[in-house]
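**Q** Residue numbers (the UniProt record's numbering): 1 to 391.
Each residue gets a CB set at the ideal place from its N, CA and C atoms; glycine is no exception.
One structure is given below, represented as structure tokens, and several questions about it will come after.
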């Protein structure tokens, strides 16, 4: 890490230089951590070999014994996942070119395209913030020298110093912290990539991806949202002069407080975006149960006749069917749902008899109860034949 600069005894020269030093040191630290984990002499390389061997052996045993029914459509994604994990977990070149550049470099480039700048948009944001911070700090020093020694209460210098603290807190508390947290996640990235192979630990990989994306988009929103606040505050801070008034100091303090609120909103917005993101295949519930057809059983020992449109046009036939229905209802075994199809013509509509209590009607003639089954069947046949006879 000797190629990167370091902070002096008095701290960094500014926020822009601090961001450049942090970016350089985190990149080298991530490369060093990758080499320690899965490099040529990595400590976890034997463990990775054992895990992959067990994974392939378990899959082969399942296929040979028939316990695992995996077709070509299911085997191909597994092999592609295994190959991608081996590539990114054992090659720093592939890991840096894809994972590191996608999470660190891509948001910076997107911000640069939106702002129309050449180079790093984050570095330009830091330089503009240094300019604002320097103007507010100089005005605070001038106001402190100009104020009386026995001054009491809040003075313009006090508000200006609080403004500088808010500017530093909003930047260091969000932007620099997000860069350091993202570097720590990327340093442990190869371990979580290996965990993506196994179904039981795939949730840890998904959590790592969401956390990495969260800290990757925070600098993007910080540059876009905070850049507008800096552009508005810079002219106000540069016009403070050597003796700023209380009104001017209050305006700068209010602007710094708004800047801190915007940086807090950046974290909330990024968290909401990541919380609503679902990886491919994550959170999908597969239900193999099929809904069985439900059959409603009405109450026993009751009947009601529901005539169709065709039967309503033949009143004589309707009376005969009602008589038949009343006879069936008086029998001790009549219950459930009775469906009587039309007899005598293939095109005649079906009649549905639903069991339900019915009050006696004047046009309903009940059949006489019979003691034997043969006379009852004969009477039932004659009733059906009379109902189907054309009029």
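1. Have a look at residue 86 and residue 194 and give me their C-alpha separation to the nearest angstrom.
2. Drop a sphere of 10 angstroms on the beta-carbon of residue 246, count the other beta-carbons inside from all chains shown, and report buried for 16 or more, exposed for fewer.
3. Please name the residue, chosen from 225, 172, 183, that lies closest to residue 103 on a Cα-to-Cα basis.
4. What number of angstroms, rounded off, separates the C-alpha of residue 192 from the C-alpha of residue 112?
5. Could you check where the alpha helix (DSSP H) with residue 191 kicks off and where it finishes?
6. Between the region 131-143 and the region 232-249, do three or more beta carbon pairs fall short of 8 angstroms?
7. Take every Cβ of the region 213-223, pair it with every Cβ of the region 63-81, and state whether three or more of those distances are shorter than 8 angstroms.
8. Chain B beta carbons: is any one of them nearer than 8 angstroms to that of residue 252?
9. Using the three-state DSSP reduction, which class does residue 221 fall into: helix, strand or coil?
10. Output the distance between the C-alpha atoms of residue 95 and residue 250, rounded to the nearest integer angstrom.
11. Distance check for residue 260 and residue 43, CA to CA, integer angstroms please.
12. Please classify residue 161 as buried or exposed, where buried requires at least 16 other C-beta atoms within 10 Å of its C-beta.
13. Considering just the uninterrupted stretch of the alpha helix (DSSP H) at residue 198, what are its terminal residues?
14. Can you tell me whether residue 210 is helix, strand or coil according to DSSP?
15. Is residue 32 helix, strand or coil by DSSP?
16. Relative to the C-alpha of residue 227, which residue among 106, 18, 129 is closest?
17. From residue 29 to residue 209, what distance separates their C-alpha atoms?
18. Buried or exposed for residue 248, going by 16 or more other Cβ atoms inside 10 Å?
19. Three-state secondary structure (DSSP) at residue 7?
20. From this set, 225, 254, 7, which residue's C-alpha is nearest residue 121's C-alpha?
21. Would you report the Cα separation of residue 204 and residue 35, rounded to the nearest angstrom?
22. Please classify residue 344: is it buried, with 16 or more other beta-carbons within 10 angstroms of its beta-carbon, or exposed?
23. Given this structure, state the Cα-to-Cα distance separating residue 27 from residue 271, to the nearest angstrom.
24. Do residue 274 and residue 213 have their beta-carbon atoms positioned less than 8 angstroms apart in this structure?
25. By DSSP, does residue 101 sit in helix, in strand, or in coil?
26. Going by DSSP in three states, residue 152 sits in which element: helix, strand or coil?
27. With a threshold of 7 angstroms on Cβ separation, who are the neighbours of residue 197 within its own chain once the five nearest residues in sequence on each side are excluded?
28. Can you tell me where the alpha helix (DSSP H) with residue 73 in it begins and where it stops?
29. Please report the straight-line C-alpha distance between residue 199 and residue 258, rounded to a whole angstrom.
30. Thinking C-beta only, is residue 185 closer than 8 angstroms to residue 99?
31. Looking at the unbroken alpha helix (DSSP H) that takes in residue 45, where does it start and where does it end?
32. Please report the straight-line C-alpha distance between residue 5 and residue 61, rounded to a whole angstrom.
33. Please state if the CB of residue 37 and the CB of residue 190 are separated by a distance shorter than 8 angstroms.
34. Among 156, 152, 131, which has the Cα closest to the Cα of residue 141?
**A** Reading off the structure:
1. 8 angstroms
2. exposed
3. The shortest Cα separation from residue 103 among 225, 172, 183 belongs to 183.
4. 30 angstroms
5. 189-195
6. In short, these stretches touch, since the Cβ pair count reaches three.
7. no
8. The structure shown contains no chain B; it is built from a single protein chain.
9. helix
10. Those two C-alpha atoms are separated by around 49 angstroms.
11. Distance between the alpha carbons of residue 43 and residue 260 is about 43 angstroms.
12. buried
13. Where residue 198 is concerned, there is no enclosing alpha helix (DSSP H), given that its DSSP letter is neither H nor E.
14. helix
15. helix
16. 129
17. 20 angstroms
18. buried
19. coil
20. Nearest of 225, 254, 7 to residue 121, Cα basis: 225.
21. Cα-Cα distance, rounded: 22 angstroms.
22. Only weak support is given to the placement of residue 344: the predicted model assigns it a pLDDT of 42, under 50, and the value that follows is read from those uncertain coordinates. Classification of residue 344: exposed, given that the 10 Å Cβ count is below 16.
23. Each residue's alpha carbon lies about 24 angstroms from the other.
24. Contact flag set, yes.
25. For residue 101, the secondary structure class from DSSP, reduced to helix, strand or coil, is helix.
26. In this structure, DSSP gives residue 152 a state outside helix and strand, which the three-state scheme calls coil.
27. 55, 81, 82, 85
28. 72-90
29. Cα to Cα, the separation comes out at about 45 angstroms.
30. no
31. 45-65
32. 54 angstroms
33. yes
34. Nearest C-alpha to residue 141: 156.
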